Structures are given as structure tokens and as C-alpha cells.
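Notes follow once the structure below has been shown.
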Amino acid sequence: MPKSPTVKSFNLSQSSSDSVSETSRQGSVGLMMNLAPAQVWRGAGVLAQSGDRLAALGTRPLVIGGDWLSQAPPDRTLKSFKRDLDTALADLADHRISYCPDCSEDSLERLRQAVAKHQADFILGVGGGKALDTAKLIAFQSDLPIVTVPTSAATCAAWTALSNVYSDQGAFLYDVPLSRCPDLLILDYDIIQTAPQRTLVAGIGDALAKWYEASVSSGASTQTLVIAAVQQARVLRDILFQKSVAALAEPGGEAWREVVDASVLLAGVIGGLGGAQCRTVAAHAVHNGLTHLPACHDRLHGEKVAYGILVQLRLEEIVQGSQLAATARQQLLTFYGELGLPRSLEDLGLAQATLADLRRAAQLACQPKSDIHHLPFAVVPEQLVAAMVSTTVAMTSQVSPGTAAKSAGNDS
Ligand SMILES: [Zn+2]
């Protein structure tokens, strides 16, 4: 007989500043690290073989995914994925439920009720970043084990101890640090390969940001594990530079698999090693601001973040006069062109955006608690708008003497 889960009530607006890690940074309590999932089970076709591993965690999983979970699959690829899922869950009393419209407070409330009604004893999240963020947060709030099954390589959400909460309309609201990484991550390359190529491209964009953000927020750290995280971010960037084009040319091939591991796993390792001290900076802040503009809602997280890296580099050029940032931006513009990552507002579907739209996004990105303030200089919305509209501008030679070397993030 499964034990009835305890459904706690939560302060959903808990922000990262309330987390254990954050308070510990100030030296008052110990540092809780969430390095990695307890187990990572990866390979081609592993989902269908994971029945025993799932049964070790419980007998009554609540399976959280997209609308496709409870409906007839719309296409052939989802059909085969659903068949594998059915095989994995054959001996368990599962209940499947959609997180849609988003990882929002209303959805979370509905899902907490579903946990209690089903008497779930573990949570299985299947899908993209938002489905996994929802599943992880529900498991955290319900004190239940959590298994993540990413269906694309678009983010490292399957790995991390963090969930983003959005409005029902998809606007970013806040993030919630979780007490641990998943108990089991199942990375099935056969499933990842059925996802649209664009999701891997977005995953590359999101993973690239690790270096450009961690080196700025933590490049000067003297702490062993933070130094290690920043260096891993550099390794991750270099792997992506070297292998992404080959990966996209041959889905399922060796380079493709290495790039999937880089985007889903190594990006997660860096988040785990660096923890709360290895923060996101402007690239993700720009993403968060852009989520409030409906015209680009159909763009993926990693696509907005990739553009956000260019904006961050442009800010370093404008505010600090950093020549290194200018060089890094030109290098990325070429790389993005090869991959199909967005280089400008136009590429993000924002060709018709008004000045008021851009100001709104910039103001949201510059809110007092925004990660943009982890930049080593102050930024105001006017500067951010100027950077957002000029990501593709050619290099200029006007660099203030003595400032270029201060840019920690752009040593490529
Ligand atoms: Zn991200």
C-alpha cells in the first residue's frame, strides 16, 4: 500500500535569495550542494528498458508531460516514444497528466491536487524544459522522488536543481531552487533524435551561455569548485565550437551524441559545481525580459538566451569599451550563422517590435533582483535597448584604453 503523500503548502514566490545556498554564501550556515542526479541512465533505447529502475522508486508514479501524454499522439515520433513509455511503466500504476498551459502557479496547484488524488509515490517528468521544471518542482513540493526524461536536448533542465515559474501566458516570473537534483535522469538518444533539429540548436545556445555568464559572474572567484565550474564552462564552449556543425550534419552520429551530452549533461554539471555562486548574468536576464513580448513566444529558451549572449557582449563593448567582447561577438555571429541561431531582434520575430516593447523588455531585465546586475558594471534600460538593437553591428575600433583587459569572459 503506497504511503499517502504529504502535500505541503508553499510560498511559491520563494526566490533564489531565500535558498540555503544563498544564505550560506554569507558564511552563516553550511553550504548545501546539489551537484548531480543520483543516477544518470543513458543510451539508445534505454527508456523502454528502465522498468526495474523506475520500480525501485515506487509503484504509483504521477507522469507529468505535455498535452500529448493524455491524448492520441499527433505524429509518428511521439507514437514510438509513447510505446517506450508504456513499456517502462507496464508494471506500475501510473497516472499521466499535462502541465499545460505552462509551469505556472495555477498548473502547479492543479498538479499538487493530482499528486494527492493519485496517491503518487514518485514523479516522472517527460518532455522539454518546462515539463521537467514543473515535474521537479511538484516532486520537491510533495517530498517525492523525481525522474526526468528529456525529449529534446534543448536545455539542461533534466539535470538541475532549479525550476523556472512562468505566467499562464508564458512570461517568466521567478525561479525556485530545489533541495536536490533528480533521483534518476534517463537520457535516451533514440528519443532525443526524434526531436526537431531546432531543439538541439537551442540547447547549444543555452549551453554556450554557461561560459559567457559564469566567466563574468565568477571568473575572479578563488573558490576551488567555482574555478572548476568556470573552467568546465570553457571546455563546454570549446566542444560546442568544435562539434556542433558536424553534429547537426549527422543526427544520431558520434559528434551529435557528444553535443547532446554537452548540452544536457555537461551544462548541468557546471550548474551543479558552481551552484548559486556561478550565476547567470545578462544573457538569461535578456531572455527573461523577452518572455514578456508575445511576438517571440514561439522562440525556444535557448534561442532567446543565445541572442542574449550577443546583447551581453554588446553591453560590455558599449559600457566598458571591451575589445575582447567585440571580438567574441563577431566569432559568435559567424558560429550562429552556421547553426541557425538568432543574431538579431529580426531573427527572433521582433522586426515589428516598437520602442515601447523593447523598453518594456529592458526594464524587466533590469529589475533590481535581475541577474543582469551580476555584470561588473551598472546597466540601465536605455543602455540595454541600445545593445539589443545593435547585436550585429560591425566591430568598431573605438575602445577606451585600459578597459579591454577587464572583460573576463571573452578570452577566445
Ligand atoms: Zn538557460
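According to my numbering, the residues represented by the sequence shown are 7 to 418, in order.
Just so you know, even glycine gets a beta-carbon here, dropped at the ideal spot from N, CA and C.
Since this is a predicted model, take the numbers as computed values, not measurements.
In DSSP terms, what residue i is bridged to
i	result
Ser-169	Val-182
Val-399	Answer is none; Val-399 lacks a bridge partner.
Leu-191	Val-46, Thr-154
Ile-103	Ile-70
Gly-133	Pro-156
Phe-6	Only positions 7 to 418 of the chain appear in this structure, which leaves residue 6 out of reach.
Pick from the options that is closest to residue i, judged by C-alpha positions
i	options	result
His-380	Ala-261, Ala-400, Val-391, Arg-285	Arg-285
Ala-367	Ala-392, Pro-382, Arg-349	Ala-392
Asp-304	Gly-355, Gly-133, Lys-123, Ser-104	Gly-355
Gly-314	Ala-301, Gln-329, Leu-330, Leu-339	Leu-339
Val-385	Ser-227, Arg-102, Val-325	Val-325
Leu-114	Phe-87, Leu-321, Gly-49, Val-182	Val-182
Ser-173	Gly-308, Ala-163, Arg-118, Thr-140	Thr-140
Ala-99	Leu-361, Ile-378, Ala-61, Gly-278	Ala-61
Thr-297	Gly-36, Thr-157, Lys-123, Leu-179	Leu-179
Arg-186	Gln-147, Ala-261, Val-171	Gln-147
Gln-1	His-101, Lys-85, Ser-56	This structure cannot speak to residue 1, because the chain is shown only from 7 to 418.
Ala-293	Gly-308, Gln-175, His-101	It is worth fixing the name first, because residue 293 is His in this sequence and not Ala. The shortest C-alpha separation from His-293 is found at Gly-308.
Arg-335	Gln-358, Thr-397, Ser-376, Leu-279	Thr-397
Gly-49	Ile-233, Leu-271, Ser-376	Leu-271
Gly-176	Gln-358, Leu-143, Ala-137, Ala-96	Ala-137
Phe-341	Gln-329, Leu-246, Ala-301	Leu-246
Trp-217	Thr-360, Arg-263, Arg-243, Leu-361	Arg-243
His-101	Ser-328, Asp-127, Gln-203, Ile-378	Asp-127
Ala-122	Asp-149, Gly-133, Ala-96	Asp-149
Cys-372	Leu-319, Gly-327, Asp-73, Gly-295	Gly-295
Leu-351	Ile-103, Ala-312, Glu-111	Ala-312
Pro-202	Leu-214, Leu-84, Val-171	Leu-84
Leu-130	Thr-157, Pro-107, Val-232, Val-265	Thr-157
Asp-97	Leu-75, Asp-112, Arg-59, Leu-254	Arg-59
Gly-343	Val-251, Pro-382, Pro-387, Thr-360	Val-251
heavy atom of ligand 1 below 7 Å from residue i C-beta
i	result
Val-207	no
Val-311	yes
His-380	no
Thr-93	no
His-307	yes
Thr-161	yes
His-290	yes
Ala-62	no
Ala-371	no
Ala-137	no
Ala-181	In the sequence as presented, Ala is not what sits at residue 181; that position holds Asp. No, the beta carbon of Asp-181 sits no closer than 7 Å to any heavy atom of ligand 1.
Ala-234	no
Ala-167	no
His-215	In the sequence as presented, His is not what sits at residue 215; that position holds Ala. Yes.
Asp-212	yes
Nearest-angstrom beta carbon gap, residue j and residue i [assumed within contact, 8 Å]
i	j	result
Pro-188	Pro-43	4 Å
Gly-135	Leu-347	With 8 Å as the limit, Gly-135 and Leu-347 do not qualify as a contact, their Cβ atoms being about 17 Å apart.
Val-287	Val-222	5 Å
Ala-159	Thr-205	6 Å
Met-401	Ala-289	Wrong, their Cβ atoms sit about 20 Å apart, outside the cutoff.
Ala-208	Ala-220	Not quite, the Cβ-Cβ distance comes to about 19 Å (not below 8 Å), so this is no contact.
Leu-53	Val-155	6 Å
Leu-299	Gln-389	With a Cβ gap of about 19 Å, Leu-299 and Gln-389 do not count as contacting.
Leu-191	Ala-164	5 Å
Asp-196	Gly-51	5 Å
Leu-316	Arg-365	Wrong, their Cβ atoms sit about 19 Å apart, outside the cutoff.
Gly-133	Gly-64	Actually they are not in contact, since the Cβ atoms of Gly-133 and Gly-64 sit about 20 Å apart, beyond 8 Å.
Ala-213	Asn-40	Going by Cβ atoms, the distance from Ala-213 to Asn-40 rounds to 19 Å, so no, they are not a contact pair.
Any non-hydrogen atom of ligand 3 closer than 7 Å to residue i Cβ
i	result
Thr-360	Inclusion of ligand 3 in the displayed structure is not the case, the ligand content consisting of ligand 1 alone.
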